[in-house]
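Colleague:
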Amino acid sequence: MRDLFPLTTWRLILVLAVVAAMLPVLNLAFPDGHPLHVSGYLMGIIAKFMCYALAALALDLVWGYTGILSLGHGVFFALGAYAHGMYLMRAIGHEGVYQSDLPDFMVFLDWKAYPWYWSMTDHFLYCMALVILVPGLLAFVFGFFAFRSRIKGVYFSIITQAMTYAFMLLFFRNDTGFGGNNGFTDFKRILGFSLTAASTKAVLFLVTLAFLLGALVLCRWIVTSKLGRVLQGVRDAESRLMFIGYNPLWFKLFVWTLSAVLCSIAGALYVPQVGIINPSEMSPGNSIEMVIWAAVGGRGTLLGPILGAFAVNGLKSWFTAAFPDLWLFALGLLFILVTLFMQQGILGLFAKLKKSREAA
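To convert, count from 1 in the sequence shown and add 24; that's my numbering.
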């Protein structure tokens with residue numbers, strides 16, 4: 025395990041993981057008003073940020089280490105959320121406004137029965153399989169034709185953005201069976217447990233933390249292996265890699281599909297904790313924000329995008345409350361400043377400061 029990270033880094037990760045894992049314990053163990061009590065609101069914010077961090081980590085795997093800049097990862101995030109949301113909608117049962125076997129939005133739109141693609145979505149494991157298979161298949165097919173045609177650089181970024189925009193328009197339609205503009209909301213329970221219960225929120229928080237740590241270790245193992253060196257060869261000198269006998273297609277396709285699945289899992293973890301999923305999650309702007317998280321934290325580092333996701337979204341939470349009309353301008357300015365003066369992100373800045381101190 026020491027080959028994955030330096031011992032100092034492992035210690036820092038362990039400390040942060042233990043601190044994060046203690047939050048739901050403090051929430052359950054101490055009542056409101058107690059100095060050690062951690063509010064459910066704070067837990068919800070951190071859980072949401074961890075989902076974003078997992079999505080940023082997935083993006084860094086393809087952008088930071090393989091040189092594939094995707095502006096469409098929002099579609100994978102949203103598809104995972106919708107796949108899990110289908111189960112959560114079925115789990116509502118007759119507790120909806122219309123007390124029908126169908127979700128409220130279907131009753132309102134005069135649907136008489138579930139469409140065929142909702143079959144078996146009342147089974148949790150089936151929907152978890154959809155979380156992996158649907159985005160994975162989409163990424164594989166899309167990536168196969170794009171990479172086989174040797175589409176790269178800005179052209180690949182543009183078509184990924186076009187893809188997510190097309191899916192957003194599709195899911196906005198009321199006749200697709202996914203709730204149209206309103207999407208899915210008003211979830212009641214998961215696996216029979218109330219989503220409003222503090223214990224359920226605590227379990228979801230810990231599961232999200234476990235997936236984030238597991239994905240970090242998996243990605244780090246990949247990038248430090250021979251496979252990772254080939255992926256970095258694709259990023260730095262793809263033509264030279266082909267000259268020595270490697271076919272970049274399958275390496276790019278593997279990492280692209282894996283990244284899509286990790287991003288989808290982030291979306292699946294996001295939806296029961298936030299309580300809503302709608303087509304706006306597929307907007308091109310959301311995919312661009314993921315790129316900004318990775319850039320601000322430091323792409324090509326794995327830890328950097330996680331740090332960037334927390335930093336940018338923490339700033340967003342404060343900024344949208346203090347200056348709600350100016351956030352997009354601040355976000356654009358942040359990206360410009362990072363591109364001009366902090367090309368290696370926050371982690372790169374820390375590394376420069378450390379070198380300066382050692383030199384002094």
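Positions of the beta carbon are idealized from the N, C-alpha and C atoms, including for glycine.
(1) Taking DSSP as the reference, what is the three-state secondary structure of serine 218?
(2) Do valine 86 and valine 283 count as a contact pair if the criterion is CB distance below 8 Å?
(3) Looking at valine 131 and tyrosine 122, is the spacing between their C-beta atoms short of 8 Å?
(4) Using the C-alpha atoms, what's the distance from alanine 105 back to alanine 226?
(5) In terms of residues, what are the limits of the alpha helix (DSSP H) holding threonine 184?
(6) Taking the alpha-carbon of lysine 72 as reference, which of Phe365, Ala346, Trp342 and Ala333 has the nearest alpha-carbon?
(7) Quick one: grab the DSSP three-state call for threonine 209.
(8) Is DSSP giving isoleucine 301 helix, strand or coil here?
(9) Nearest-angstrom Cα distance between arginine 244 and methionine 144?
(10) Got a sec? Which residues, its chain only, sit under 7 Å from valine 285 by beta carbon, not counting five neighbours each side?
(11) Here's a check: name, in chain order, each residue in its chain whose Cβ is nearer than 7 Å to the Cβ of methionine 110, leaving out the five neighbours to either side.
(12) Where isoleucine 301 and alanine 102 are concerned, what is the direct C-alpha to C-alpha distance, given to the nearest angstrom?
(13) Would glycine 369 and glycine 321 qualify as a contact pair, given that the criterion is a beta-carbon distance under 8 Å?
(14) Answer yes or no: do alanine 319 and leucine 78 have a C-beta to C-beta separation smaller than 8 Å?
(15) Comparing C-alpha positions only, which one of Val39, Tyr65 and Tyr76 sits nearest to alanine 335?
(16) Consult DSSP for phenylalanine 148 and reduce its assignment to one of helix, strand or coil.
(17) Flag this pair as yes or no: are the beta carbons of phenylalanine 330 and leucine 355 separated by less than 8 Å?
(18) Less than 6 Å between C-beta atoms, sequence neighbours within five positions excluded: which residues of the same chain meet that for phenylalanine 183?
(19) Could you tell me whether the region 305-312 touches the region 185-195, where touching means 3 or more Cβ pairs closer than 8 Å?
(20) Starting from valine 131, follow the alpha helix (DSSP H) in both directions and report where the run begins and ends.
(21) Using beta-carbon positions only, say whether phenylalanine 343 and tryptophan 351 come within less than 8 Å of one another.
(22) Exposed or buried, aspartate 84, counting other C-beta atoms within 10 Å across all chains shown (16 or more means buried)?
(23) Report the rounded CA-to-CA distance for phenylalanine 267 versus glycine 257, giving the unit in angstroms.
(24) Going by DSSP, what residue range makes up the alpha helix (DSSP H) through alanine 137?
(25) Can you find the residues in the same chain that come closer than 7 Å, C-beta to C-beta, to glycine 372, ignoring five residues on each side of it along the sequence?
(26) Restricting to Cα atoms, I'd like to know which of Gly328, Thr281 and Trp34 is closest to isoleucine 92.
(27) Cutting at 7 Å between CB atoms, please list the residues of its own chain near leucine 387, excluding the five before and the five after it.
(28) Residues in its own chain within less than 7 Å of methionine 113 by CB, not counting five upstream and five downstream?
(29) What first and last residue would you give for the alpha helix (DSSP H) that runs through threonine 344?
(30) What are the start and end residues of each continuous alpha helix (DSSP H) run of 4 or more residues lying completely inside the region 28-100, in chain order?
(31) Using the three-state DSSP reduction, which class does threonine 248 fall into: helix, strand or coil?
(32) Tell me whether methionine 187 is buried or exposed, calling it buried when 16 or more other Cβ atoms sit within 10 Å of its Cβ.
(33) If we ignore side chains and look at the alpha-carbon of each, how far apart do leucine 273 and threonine 248 end up?
(34) Using only alpha-carbon positions, find the residue among Arg381, Asn271 and Phe100 that is nearest to alanine 163.
(35) To which residues of the same chain is glycine 252 closer than 6 Å at the C-beta, ignoring the five residues directly before and after it?
Modeller: This is what the structure gives:
(1) strand
(2) One point to set straight first is that residue 283 is serine, not valine, in the sequence displayed. Yes.
(3) yes
(4) 19 Å
(5) 177-196
(6) Ala333
(7) strand
(8) strand
(9) 36 Å
(10) Ile156, Pro159 and Gly160
(11) Trp142, Thr145 and Cys151
(12) 7 Å
(13) yes
(14) no
(15) Tyr76
(16) helix
(17) The sequence shown places isoleucine at residue 330, not phenylalanine. Cβ atoms of isoleucine 330 and leucine 355: not closer than 8 Å.
(18) Here the sequence assigns isoleucine to residue 183, which means phenylalanine is not the residue at that position. No residues qualify anywhere along the chain.
(19) yes
(20) 128-132
(21) yes
(22) buried
(23) 12 Å
(24) Where alanine 137 is concerned, there is no enclosing alpha helix (DSSP H), given that its DSSP letter is neither H nor E.
(25) Gly322 and Met366
(26) Thr281
(27) Past the edges of the chain, shown from 25 to 384, lies residue 387, and the structure says nothing about it.
(28) Pro127 and Phe208
(29) 327-346
(30) 31-53 and 64-87
(31) coil
(32) buried
(33) 20 Å
(34) Phe100
(35) Ile246
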